[in-house]
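First residue of the sequence shown: 8, per the working numbering; consecutive thereafter.
Yeah, the Cβ is synthetic: ideal placement off N, Cα and C, and Gly gets one too.
Have a look at the structure below, then the notes.
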Amino acid sequence: MPFSMRRSLIAARPFWPKYSVTRKANKNKMITVLFVCTGNTCRSPIAAAIAAHYVRLHRLPAIIGSAGIHARDGDAITKDAQKSLLALGIKENHTSRRLSHAQLEESDVIYVMENWQAEAIQTLLKSYCLVNPPRVRMLDEDKDIPDPLGHGPEVYQELTHHILGLIPRKFAELAPENQPNTLPTDTV
């Protein structure tokens, strides 16, 4: 692994206890994080690969996956996406998956690349009437992450480094001490 990636991932390590407090009752359950984009061949596989590497590096209790709202099952990750991950020392042999009901049901949090994807998933969640629906959030709260397909290797490199900067922050937000306190506080 190149030194620069290792340093940035180590420096941003969040506090994470031995178990994850999630929206589900089982405190010993690992948190399931799903990254979603349109075709599941560029953005979400890049985010999932970086997140999976981060989880392994820090031994965090998380399961990482990715899917596409309009994906065709079995398409390979794009060559430019694969090359941009290899530049970080991450080898990825990904095949695309269409977002499924089972993935929505199993996920604790879903990160999307564009606002319309969050809206589409929220609509799906309402129609499925899940007991414990996952939280749906933008990977970058400030702006949409545009699809790099067809824009060349430089755009993929830029996208990969942008996502590399977002992943540690997202896992820090998932750490239990950063969750809102739902217990009443005593006032004296």
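Is the CB-CB distance between residue 107 and residue 141 below 7 Å? no
For a minimum of 3 consecutive residues, which ranges assigned as the beta strand (DSSP E) are wholly contained in the region 132-172? 142-145
Cβ-Cβ distance between residue 85 and residue 136 below 7 Å:
In this structure, residue 136 does not lie closer than 7 Å to residue 85 by Cβ.
For residue 169, count neighbouring C-beta atoms within 10 Å of its own C-beta (all shown protein chains included) and say buried if the count is 16 or more, exposed if not.
exposed
Assigned secondary structure, residue 175 (DSSP; H/G/I helix, E/B strand, else coil) | helix
Please tell me whether residue 139 and residue 103 are closer than 7 Å, where the distance is taken between their beta carbons. no
Inter-residue spacing [alpha-carbon to alpha-carbon] between residue 116 and residue 123: 17 Å
Problem - Any 3 or more C-beta pairs closer than 8 Å across the region 91-101 and the region 50-62 - result: yes
Q) If you compare alpha carbons, which of 90, 45, 63 and 37 is closest to residue 125? A) 45
Next on the checklist: Among 172, 88 and 75, whose alpha-carbon lies nearest the alpha-carbon of residue 157?
Outcome noted: 88
> What is the residue span of the beta strand (DSSP E) that residue 56 lies within?
Replying inline: Segment 50-65 is the alpha helix (DSSP H) holding residue 56; no beta strand (DSSP E) there.
Checklist line | Any non-hydrogen atom of the ligand GTP closer than 6 Å to residue 89 Cβ | finding: Looking for the ligand GTP in the displayed structure turns up nothing, as the structure carries no ligands at all.
**Message:** So, at 6 Å on beta carbons, what are the nonlocal neighbours of residue 40 in its own chain, with the 5 sequence-adjacent residues on each side left out?
**Reply:** 69, 71 and 116
- If we call anything under 7 Å between Cβ atoms a contact, is residue 201 one with residue 118? Since the first residue shown for the chain is 8 and the last is 195, residue 201 is missing from the structure and cannot be characterised.
Can you tell me whether residue 103 is helix, strand or coil according to DSSP? Assigned with DSSP and collapsed to three states, residue 103 falls in coil, not helix or strand.
**Message:** Can you tell me which residues form a DSSP beta bridge with residue 39?
**Reply:** 70
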